[in-house]
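The block underneath contains the structure these notes are about, expressed in structure tokens.
In mature numbering (1 follows the signal peptide of the UniProt record, and there is no 0), the protein residues as written are -19 to -1, 1 to 218.
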């Protein structure tokens, strides 16, 4: 009787040890069982929440343009959507407008883009005393649209654009009209600024408003001293 009881007890212990070993193997194969929760989702295996950037932002989250690149005249680029970022876009031949644009960039933290003409202007092109020079002929022709070099900009992310230029023959150079014609700026705000020896900015602002219907074109600023307090008050106002 004792032998039978001992045999039964030994058989029970063997079964218990086998079951225990099988359970450990299922719970944590090759690892620490405390780090595995059966039925839990593997971290990182689920869908990405925002792959590639913010959702609902026309044109994507980043700009496709770089400083020195401009739009082109092959058609409108951009959705006209008024984004939340700020850009300073300028045209400069002698460097005065560039200095003013960089100053505004530094004060506002805006992105900076230069409108570079596909055909650069020479000193002869800018001979203001020569009515036959290139700049004079362009300014006399309302339909003149000098081409802009580089790839088109993605302006969909920008809600406010500081637009800078020198004054040529009383108004903005025709390359500014090229820029305005090349992009859908509907719903955006343009803040014009200019550099000039004597002429004011009012005529150019009126011309920009006429060329850009649907755009909020604010009062502009003629900048004589890029480091002046009036520039800071206007740019941050």
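Note that beta-carbon positions come from the ideal geometry of N, C-alpha and C, so glycine has one too.
If we ignore side chains and look at the alpha-carbon of each, how far apart do residue i and residue j end up?
i           : j           : result
residue 129 : residue 91  : 21 Å
residue 171 : residue 113 : 32 Å
residue 96  : residue 147 : 12 Å
residue 145 : residue 105 : 23 Å
residue 150 : residue 66  : 32 Å
residue 126 : residue 102 : 14 Å
residue 205 : residue 74  : 16 Å
residue 180 : residue 201 : 13 Å
residue 123 : residue 210 : 35 Å
residue 197 : residue 115 : 31 Å
If I follow the unbroken alpha helix (DSSP H) through residue i, where does it start and stop?
i           : result
residue 89  : 77 to 89
residue 122 : That residue, residue 122, is in no alpha helix (DSSP H); it is neither H nor E in DSSP.
residue 205 : That residue, residue 205, is in no alpha helix (DSSP H); it is neither H nor E in DSSP.
residue 190 : 183 to 192
Span of the beta strand (DSSP E) holding residue i?
i           : result
residue 160 : Not the beta strand (DSSP E): residue 160 falls in the alpha helix (DSSP H), residues 155 to 163.
residue 66  : 66 to 71
residue 95  : 92 to 95
Based on the DSSP secondary-structure assignment, which residues constitute the bridge partners of residue i?
i           : result
residue 172 : 143
residue 167 : Paired residues: none, contrary to the question.
Under the assumption that residue i contacts residue j (Cβ atoms under 8 Å), give the Cβ distance between them as a whole number of angstroms.
i           : j           : result
residue 203 : residue 175 : 5 Å
If we count Cβ pairs, one from each stretch, closer than 8 Å, do we get three or more for the segment 76 to 91 versus the segment 202 to 218?
Cβ pair count under 8 Å is three or more, so yes.
Taking contact to mean 3 or more Cβ pairs, one atom from each stretch, closer than 8 Å, check whether the segment 106 to 116 and the segment 132 to 143 are in contact.
no
Inter-stretch contact at 8 Å, needing at least 3 Cβ pairs: the segment 156 to 166 / the segment 188 to 199:
yes
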